[in-house]
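Worksheet: one structure, shown below.
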């Protein structure tokens, strides 16, 4: 069964450094998403991406964040200058469409980002 | 703003007990509703979803959920839990045609063998 994959599984970085989190969505999906979950808190929406542009973003997704689909398979989340509070599990998701019935989002295993 | 509330943060049951996890959402428009499960060490997986039609939806592994529009609720049920149902369960909602999915805080279920 096709699945969303993410690399790395765990990333440790120093405060102020740039990180790039990578995701390979399911191949026929058109909509891509990033979510994060700070330890002990809710899964929070960050951004959605469709047709090579951001379709919606949350207030968390400030100028320090960017997303890109550099080729036909990868979808990346870049944090330019990491802060301690960026430490979280970051989930990538994809969906084939927006409208039901097949509009559920499929999630990757997550990348645990630790900022020291 | 949309929000999702899950009533129980931790639930402990014995095998064969019945399960009901509460979920309420706030949004006035048409929504799609989901329950996801995260088994230990694994990623989020879809249990079931509702978008229209029969308000009682059946998912995988014997789970079902009932959408009650008047109560803005989408409670998850299973008549007889198994040890392998130990996991964290997330209720989620998105606006019909919307990109963003809003998650509840999750309920950790522990089933004693």
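Residue numbers (our numbering), protein chains in the order written: chain D, 1 to 116; chain A, 117 to 229.
For each residue, glycine too, the CB sits at the ideal point set by N, CA and C.
What you are looking at is a predicted structure, and each value in this text was computed from that prediction instead of being measured.
Listed along chain A are 150, 162 and 165, each with a C-beta nearer than 7 Å to that of residue 104 of chain D. Counting C-beta atoms within 10 angstroms of its own C-beta, residue 170 of chain A has fewer than 16 neighbours from the protein chains shown and is therefore classed as exposed.
At the C-beta level, residue 47 of chain D and residue 57 of chain D come within 8 Å of one another. The residues 136, 137, 138, 139, 181 and 182, in chain order, have a CB closer than 7 Å to that of residue 191 of chain A in the same chain once the five nearest residues on each side in sequence are set aside. In the structure shown, residue 186 of chain A falls within a helical segment according to DSSP collapsed to helix, strand and coil.
With a cut-off of 8 Å on Cβ pairs, the region 204-213 of chain A is in contact with the region 147-167 of chain A, counting three or more such pairs.
For residue 10 of chain D, the enclosing beta strand (DSSP E) covers residues 10-13. As a beta-bridge residue in DSSP terms, residue 192 of chain A pairs with A:137 and A:181. Put simply, the region 195-204 of chain A does not touch the region 89-107 of chain D. Fewer than three CB pairs are less than 8 Å apart. Excluding its 5 nearest sequence neighbours in each direction, residue 89 of chain D has C-beta neighbours in its own chain below 6 Å: 37, 110 and 112, listed in chain order.
Close CB contacts of residue 126 of chain A within its chain, under the 6 Å cut and outside five residues either way in sequence, are with 224 (chain order).
In terms of beta-carbon proximity, residue 59 of chain D stays away from the interface with chain A, with every pair separated by 8 Å or more. Against chain D, the CB of residue 221 of chain A has a partner CB under 8 Å away; the residue lies at that interface.
For residue 14 of chain D, the closest of D:86, D:53, D:102 and D:49 by C-alpha to C-alpha distance is D:86. The beta carbon of residue 176 of chain A does not come within 8 Å of any beta carbon belonging to chain D, so the residue lies off that interface.
The C-beta distance from residue 72 of chain D to residue 4 of chain D rounds to 15 Å, too long to meet the 8 Å contact threshold. Of all residues in the region 49-75 of chain D, the ones placed with a Cβ closer than 8 Å to any Cβ belonging to chain A are 50, 55, 56 and 58, in chain order.
Residue 45 of chain D and residue 216 of chain A do touch by the CB rule: their CB atoms are close to 4 Å apart, below 8 Å. DSSP places residue 225 of chain A within a strand segment (E or B) once states are collapsed to three. Proximity of chain D to residue 168 of chain A at the Cβ level (cut-off 8 Å) is accounted for by 100, in chain order. The bridge partners DSSP lists for residue 88 of chain D are D:113. Residue contact check for residue 159 of chain A against chain D: a CB pair falls below 8 Å.
In the structure shown, the three-state DSSP call for residue 48 of chain D is strand. What residue 206 of chain A touches in chain D, judged by beta-carbon distance under 7 Å, is 43, going in chain order.
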